[in-house]
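Going by the numbering used here, the sequence shown opens with residue 916, and the numbers climb by one from there.
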Amino acid sequence: MKNTKYYIGLDVHKERTSYCIRDKLGNILIEAEAATLYSELEHRLKPYLAASMIGLEASTSYYTLYQNFLRNNYHIKVANTIQLRQLIAKNDKLDAQRLSEMLRLGTFPCSYIPEEKIQHLRSLIQMRHALMQKKVRCNNRIQAFLDRNGVMMPLCKAFSKKWKHALMQHLGSGNISTELRYEYNHYVYLEKTNEQADQEIIGYTKTYWNQEYQLLRSITGFGVLLPCYIIAFVHPIERFLSNRKLRRYAGVIPVAKESGNTTSRGRIPKTSSKALLRWALVQAANTIGKTNTTLGRYYRRKKSQKKNTGIAKIAVASTLVDIIYKVLTTKKPYISTAC
């Protein structure tokens, strides 16, 4: 921004926000705090906003302020938390002063903030995932109760149609615990809510990104829901300069360690900022392993070489990222080859 005269750092917390305003020379003009409300902050900062650059850290309370400043056409940046912590000493305090100084010096590590539609899709997916985790815990409690009380169930997959039919017969026998009945009712509620969430996510994705959705559906192992996960965390694909950048973002390639002229490849990172994206890729890889396709053969070959299912899944997930990148950049569907 060529006409920037002031640099405003916002240290946002749940109830209070500290702010610091600097001029081009680095002089602190104002340093104070206000309630974490856009109306109050805009009132305090109004004399400077038209010719200022605003910077804040991506925290739990930043998004509402960010959206309000953006809607009113103010120049605002959000810092990447991981990069930000790498730029300061371990014991240094990250505050509004430091943020405003980084803005002035051009060292502010910007983070990508998705548009509102993508943000809403991510929220829906996170909600669905939370429901799935609750459902798994409920399933475990039901099975633990049946085991403790010696209730014999058919030798098949838990919560399959046959297994649930046997459970319903047991519930209908009359002489059952209130605990089991409550747990089963809770399971039924979670199952129905999960199905409703699935339909809402699919419908919302088709409404706004139908072309991308149909392209991703052409990829082996992708059902009706996994393309929604990919779109939520990858769209727009243009922000990734290469398929390798996308693989790194998804957390499906090993961390490289460099020392002098030596480069060694480490392990796949245990955690990723986009854990749900990697989860979706691994789910697709798991499905692909059962297919009679080139990717299916690749999965089984990796599994037999490494004697490790996890390594095979990540290898296929990495290949899937390359396919996703090509499909979305060329706008051409994937054509699978069978044996």
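Quick reminder that beta carbons are idealized off the backbone N, C-alpha and C, glycines included. Source: prediction; values computed, not measured.
{"Query": "Let me know the secondary structure DSSP gives His990 once reduced to three states.", "Result": "strand"}
{"Query": "Excluding the 5 residues preceding and the 5 following Phe1074 in the sequence, name in chain order all residues of the same chain whose CB lies nearer than 7 Å to its CB.", "Result": "Asn1054"}
{"Query": "Could you say which of Arg1056, Tyr1123, Trp1078 and Val1066 lies nearest to Glu1094 if we only look at CA atoms?", "Result": "Arg1056"}
{"Query": "Just to confirm my understanding: we take His1085, look at its own chain, exclude 5 residues before and 5 after, and list those with CB closer than 7 Å. What are they?", "Result": "Val1066 and Ile1091"}
{"Query": "Tell whether a beta-carbon distance below 7 Å holds between Ser1011 and Asp926.", "Result": "At residue 1011 the sequence reads Ala, which differs from the Ser that was named. Yes, these two residues count as a Cβ contact at 7 Å."}
{"Query": "Does the beta-carbon distance from Ile923 to Ser967 come in below 7 Å?", "Result": "yes"}
{"Query": "Would you say the beta carbon of Glu972 comes nearer than 6 Å to a heavy atom of the ligand COA?", "Result": "This structure does not include the ligand COA; it has no bound ligands of any sort."}
{"Query": "Tell me the DSSP secondary structure of Gly1118 in three-state form.", "Result": "helix"}
{"Query": "Taking C-beta to C-beta, are Ile1203 and Thr1135 nearer than 7 Å?", "Result": "yes"}
{"Query": "How many angstroms separate the CA atom of Ala1200 from the CA atom of Val1231?", "Result": "6 Å"}
{"Query": "Can at least three beta-carbon pairs, one atom from the stretch 1038 to 1054 and one from the stretch 995 to 1003, be found at a separation below 8 Å?", "Result": "no"}
{"Query": "Kindly give me the distance between the Cβ atoms of Ser1015 and Ile936, rounded to whole angstroms, as I take these residues to be in contact under 8 Å.", "Result": "7 Å"}
{"Query": "By DSSP, does Val1103 sit in helix, in strand, or in coil?", "Result": "helix"}
{"Query": "Would you call the stretch 1119 to 1126 and the stretch 1136 to 1149 in contact, with 3 or more CB pairs under 8 Å?", "Result": "yes"}
{"Query": "One question on the structure: do Ala1059 and Met1068 come within less than 7 Å of each other, judged by their Cβ atoms?", "Result": "no"}
{"Query": "Compute the distance between the beta-carbons of Leu1341 and Pro1029, then report whether it is under 7 Å.", "Result": "Residue 1341 lies beyond the residue range present for the chain, which begins at 916 and ends at 1254; the question has no answer from this structure."}
{"Query": "Where does Lys1217 land, buried or exposed, given buried means 16+ other C-beta within 10 angstroms?", "Result": "buried"}
{"Query": "Alpha carbon to alpha carbon, how far is Gly1225 from Asp1113? Give it in angstroms, no decimals.", "Result": "27 Å"}
{"Query": "Within this structure, are the beta carbons of Leu956 and Ala947 separated by less than 7 Å?", "Result": "no"}
{"Query": "Output the boundary residues of the beta strand (DSSP E) element that contains Cys1071.", "Result": "No beta strand (DSSP E) contains Cys1071, which DSSP labels as neither H nor E."}
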